[in-house]
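Residue numbers (the UniProt record's numbering): 1 to 118.
Here it is as C-alpha coordinates:
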(Lines of atoms letter the chains of each structure in order from A and count residues from 1; the text may use other names and numbers.)
(Lines give C-alpha, C1' and ligand atoms only; values in the text may rest on other atoms or scores of the structure.)
Protein backbone atom coordinates (compact mmCIF):
# COMPACT_ATOMS: atom_id res chain seq x y z
CA UNK A 1 0.00 0.00 0.00
CA UNK A 2 1.43 3.35 -1.00
CA UNK A 3 1.81 5.79 1.86
CA UNK A 4 1.40 8.76 -0.48
CA UNK A 5 -1.84 10.31 0.70
CA UNK A 6 -1.54 13.56 -1.28
CA UNK A 7 -4.74 12.59 -3.14
CA UNK A 8 -6.65 13.41 0.05
CA UNK A 9 -6.10 17.13 -0.63
CA UNK A 10 -6.97 16.93 -4.33
CA UNK A 11 -10.67 16.15 -4.37
CA UNK A 12 -11.88 18.62 -7.00
CA UNK A 13 -10.65 19.32 -10.50
CA UNK A 14 -10.79 22.79 -12.06
CA UNK A 15 -14.44 22.33 -13.03
CA UNK A 16 -15.73 21.21 -9.62
CA UNK A 17 -15.73 17.49 -10.46
CA UNK A 18 -14.04 14.75 -8.43
CA UNK A 19 -10.50 14.06 -9.70
CA UNK A 20 -9.53 10.61 -10.94
CA UNK A 21 -6.66 10.67 -8.43
CA UNK A 22 -9.11 11.20 -5.55
CA UNK A 23 -11.40 8.44 -6.83
CA UNK A 24 -8.44 6.00 -6.98
CA UNK A 25 -7.42 7.06 -3.47
CA UNK A 26 -10.94 6.43 -2.15
CA UNK A 27 -11.00 3.01 -3.83
CA UNK A 28 -7.60 2.18 -2.29
CA UNK A 29 -8.82 3.33 1.13
CA UNK A 30 -11.95 1.17 0.92
CA UNK A 31 -9.89 -1.83 -0.17
CA UNK A 32 -7.52 -1.25 2.77
CA UNK A 33 -10.42 -0.78 5.22
CA UNK A 34 -11.86 -4.23 4.34
CA UNK A 35 -9.75 -5.71 7.14
CA UNK A 36 -11.70 -3.78 9.79
CA UNK A 37 -15.25 -4.65 8.71
CA UNK A 38 -17.51 -5.44 11.62
CA UNK A 39 -19.77 -8.51 11.72
CA UNK A 40 -22.36 -6.66 9.63
CA UNK A 41 -19.84 -5.76 6.92
CA UNK A 42 -19.63 -2.09 7.92
CA UNK A 43 -16.51 0.07 8.07
CA UNK A 44 -15.67 3.32 9.85
CA UNK A 45 -16.21 6.42 7.75
CA UNK A 46 -13.34 8.95 7.81
CA UNK A 47 -15.28 11.71 6.07
CA UNK A 48 -15.20 15.19 7.56
CA UNK A 49 -18.66 14.74 9.07
CA UNK A 50 -18.47 11.17 10.44
CA UNK A 51 -14.84 11.45 11.68
CA UNK A 52 -14.49 7.66 12.00
CA UNK A 53 -17.41 7.50 14.45
CA UNK A 54 -20.06 6.14 12.06
CA UNK A 55 -19.89 2.56 10.75
CA UNK A 56 -21.59 2.33 7.37
CA UNK A 57 -21.46 0.30 4.14
CA UNK A 58 -18.60 0.63 1.65
CA UNK A 59 -20.89 2.36 -0.85
CA UNK A 60 -21.99 4.86 1.79
CA UNK A 61 -18.36 5.53 2.78
CA UNK A 62 -17.50 6.15 -0.87
CA UNK A 63 -20.44 8.56 -1.24
CA UNK A 64 -19.50 10.37 2.00
CA UNK A 65 -15.86 10.72 0.91
CA UNK A 66 -16.93 12.13 -2.45
CA UNK A 67 -19.56 14.43 -0.89
CA UNK A 68 -17.79 15.56 2.31
CA UNK A 69 -14.11 14.83 1.72
CA UNK A 70 -11.79 12.80 3.92
CA UNK A 71 -10.23 14.12 7.11
CA UNK A 72 -6.99 15.46 5.62
CA UNK A 73 -5.03 14.87 8.85
CA UNK A 74 -5.97 11.16 8.77
CA UNK A 75 -2.84 10.17 6.84
CA UNK A 76 -2.14 7.10 8.98
CA UNK A 77 -5.27 4.95 8.87
CA UNK A 78 -4.87 3.65 12.43
CA UNK A 79 -8.63 3.19 12.95
CA UNK A 80 -8.54 0.91 9.90
CA UNK A 81 -5.61 -1.26 10.98
CA UNK A 82 -2.62 0.65 9.65
CA UNK A 83 0.46 0.39 11.84
CA UNK A 84 2.81 3.28 12.53
CA UNK A 85 6.36 2.61 11.40
CA UNK A 86 9.13 4.18 13.46
CA UNK A 87 12.85 3.77 12.90
CA UNK A 88 12.36 0.70 10.70
CA UNK A 89 10.21 -1.15 13.25
CA UNK A 90 6.50 -1.18 13.84
CA UNK A 91 5.52 0.33 17.17
CA UNK A 92 3.52 -2.12 19.21
CA UNK A 93 2.58 0.24 22.00
CA UNK A 94 4.39 -2.00 24.47
CA UNK A 95 6.83 -0.39 26.89
CA UNK A 96 9.07 -3.41 26.26
CA UNK A 97 9.74 -2.14 22.74
CA UNK A 98 12.92 0.00 22.87
CA UNK A 99 11.78 1.94 19.77
CA UNK A 100 8.66 3.30 21.46
CA UNK A 101 8.76 6.54 23.41
CA UNK A 102 5.37 6.53 25.10
CA UNK A 103 5.49 10.23 26.04
CA UNK A 104 6.27 11.18 22.44
CA UNK A 105 3.54 8.84 21.16
CA UNK A 106 0.94 10.36 23.51
CA UNK A 107 1.94 13.84 22.32
CA UNK A 108 1.49 12.68 18.70
CA UNK A 109 -1.94 11.25 19.51
CA UNK A 110 -3.01 14.42 21.32
CA UNK A 111 -1.80 16.53 18.38
CA UNK A 112 -3.91 14.46 15.97
CA UNK A 113 -6.94 14.76 18.27
CA UNK A 114 -6.56 18.53 18.47
CA UNK A 115 -6.23 18.73 14.68
CA UNK A 116 -9.35 16.62 14.17
CA UNK A 117 -11.37 18.66 16.68
CA UNK A 118 -10.69 21.91 14.80
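Using N, Cα and C, we set each Cβ at its ideal position, and we do this for glycine too.
Query - residue 62, enclosing alpha helix (DSSP H) - first and last residue - result: 58-68
Query - Beta carbon of residue 44 nearer than 8 angstroms to that of residue 36 - result: The answer is yes: Cβ separation under 8 angstroms.
Requested in this report: Please confirm whether residue 60 and residue 8 have their CB atoms less than 8 angstroms apart.
Outcome: no
**Report entry** Beta-carbon proximity list for residue 65, same chain, < 6 angstroms, skipping 5 on both sides
**Finding:** 26, 47
**Report entry** alpha helix (DSSP H) runs contained entirely in the stretch 6-81, provided each spans 4 or more residues
**Finding:** The stretch 6-81 contains, as complete alpha helix (DSSP H) runs of 4+ residues, the segments 20-33, 58-68 (chain order).
**Report entry** residue 42 versus residue 55: straight-line alpha-carbon distance, rounded
**Finding:** Each residue's alpha carbon lies about 5 angstroms from the other.
Requested in this report: Under 8 angstroms by Cβ, that's how I've got residue 5 and residue 19 pegged, so tell me the actual separation to the nearest angstrom.
Outcome: Between residue 19 and residue 5 the Cβ distance is about 14 angstroms, and since that is not below 8 angstroms, they are no contact.
Query - Under 8 angstroms between C-beta atoms of residue 28 and residue 49 - result: no
Report task. Could you tell me the distance, in whole angstroms, from the CA atom of residue 12 to the CA atom of residue 34? Result -> 26 angstroms
**Report entry** Cβ-based burial, residue 40 [other Cβ within 10 Å; buried from 16]
**Finding:** exposed
Query raised in the report: Apart from the five residues just before and just after residue 52, which ones in its own chain have a Cβ nearer than 6 angstroms to its Cβ?
Result: 44, 46, 79
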